[in-house]
DNA sequence: TATTGTTATACTCTATAACTATA
DNA sequence: TATAGTTATAGAGTATAACAATA
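Laid out in structure tokens, this is it:
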């Protein structure tokens, strides 16, 4: 069997010989939007493979990081922080708790250490924190992410990295 | 009610006053992978809104463009071109055909115009082409995309655009 | 045996709306 | 009335495996 490259086509000539043709991408080729998508997709897949070796998904990693960096965050706050509806977060948090990576506590009434005043106790909200096991998972994931970043850095080049990052942030902040 | 920014938290002070706190993103803040994802997500959403006003999704747009630029492409070739499994393409093509944007023909046996030899007829494959209606839809979508590109260009700046695009292509090509 | 495209099926991620329990 | 979180449900997009027709 004859091989072609990944996005190649094989056309048969009039004598039945194989002719490899490249796929034409037309205007997509020059558009930032399309190439942004392609780059993200490839980078995401690469990191996905890496982090799945230690049994986590990139989404879980981001969630875990946000909880670790914002101890006691509520689920609604967390859903805002990563731009998803709160209902989408329910099964994620459930899973992290079930696996012992995150701890979920109801806000409880109590007394402040200094003042004798009763502290508020909103019994609708949960406070989220990472457990020791969660911290450990996070350490491994962070190591993964740093390796991945090194690969990306090598591709981008030290000279352009800073500016590239700035532009990515600018797009996220300003587009529409 | 007091407002906070999109990713803000509200903590209550000891006197019950609202204290707005920013979410901390920790190392995510400085990682290319995370910011690449954020930028792509925002840009994609923006284009999605735009193209949905004319009843298409970004995915349909890419598929339609690939067919238009590669007339007679087969479904398997098409699935390679956008990096998805062929089975994922079946409902997409089905939908485009149903709505009259794409035409699907079996390869049929026939005679070449010049040679008298019988031409090959692989009756397993379909050849895909865009119809007149498909071309019309594509024209509108392309207009949309160009508007979207102008927004992105304005954010990126003329000076950095070329280099930015190069880096995106490099990431897609080289990562893992 | 290998390939093209379909089908059956399932999984992930996401959203909306209705609900509960609080506030 | 309003808010925090859950549940029920649905949709988009994807994949794997088995299959029929054809090569």
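Protein chains in written order, with the working numbering: chain A, 12 to 187; chain B, 12 to 187.
Built from N, CA and C at the ideal position, the CB exists for glycine as well.
Nothing here was measured: the structure is a model prediction, and the numbers come from that model.
Around the beta-carbon of residue 88 of chain B, 16 or more other beta-carbon atoms lie within 10 Å, marking it buried.
Counting of Cβ neighbours within 10 angstroms places residue 51 of chain B among the buried residues, the total reaching 16 or more. In this structure residue 186 of chain B does not touch residue 84 of chain A by the C-beta definition: roughly 32 Å separates them, more than the 8 Å allowed. The beta strand (DSSP E) runs of length 3 or more contained entirely in the segment 28-107 of chain A are, from start to end of the chain, 29-33. Contacts between residue 153 of chain A and chain B, judged by CB atoms closer than 8 Å, involve 38 in chain order. Using a 10 angstroms sphere on the CB of residue 65 of chain A, the tally of other CB atoms stays under 16, which defines it as exposed. Between the segment 94-112 of chain A and the segment 137-148 of chain A, the count of C-beta pairs closer than 8 Å reaches three or more; the two stretches touch.
Here the alpha carbons of residue 60 of chain A and residue 140 of chain A stand approximately 27 Å from one another.
The beta-carbon of residue 162 of chain A is placed less than 8 Å from the nearest beta-carbon of chain B. Assigned with DSSP and collapsed to three states, residue 186 of chain B falls in coil, not helix or strand. Residues of the segment 38-59 of chain B with a C-beta atom less than 8 Å from some C-beta of chain A are 38, 39, 41, 42, 43, 44, 45, 46, 47, 48, 49, 50, 51, 52, 53, 54, 55, 56, 57, 58, listed in chain order. Among the CB atoms of chain A, none fall inside 8 Å of the CB of residue 146 of chain B. Straight through space, the alpha carbons of residue 38 of chain A and residue 58 of chain B are spaced by roughly 16 Å. Taking residue 133 of chain A as the centre and dropping the five residues before and after it, the same chain places the C-beta of 118 closer than 7 Å to its C-beta, in chain order. DSSP places residue 163 of chain A in the uninterrupted alpha helix (DSSP H) bounded by 143-167. Counted as a single uninterrupted DSSP element, the beta strand (DSSP E) harbouring residue 115 of chain B occupies residues 113-117.
Between residue 171 of chain B and residue 174 of chain A, the CB-CB gap stays under 8 Å.
Against chain A, the beta carbon of residue 76 of chain B has neighbours under 8 Å at 36, 37, 38, 39, listed in chain order. A Cβ-Cβ contact shorter than 8 Å links residue 42 of chain B with residue 156 of chain A. Within 7 Å of the CB of residue 181 of chain A, the CB atoms of chain B belong to 166, in sequence order along the chain.
A direct Cα-to-Cα measurement between residue 106 of chain A and residue 71 of chain A gives close to 9 Å. Closer than 8 Å to the CB of residue 65 of chain B there is not a single CB belonging to chain A. For residue 73 of chain A, the chain B residues whose C-beta falls within less than 8 Å of its own C-beta are 39, 45, listed in chain order. Under the three-state reduction of DSSP output, residue 20 of chain B falls in the strand class.
By the Cβ neighbour-count rule, residue 40 of chain A is exposed, with fewer than 16 other Cβ atoms within 10 Å of its own. Considering only A:116, A:152, A:148, the residue with the shortest C-alpha distance to residue 137 of chain A is A:116. Rounded to whole angstroms, residue 99 of chain B and residue 32 of chain B show a C-alpha spacing of 44 Å.
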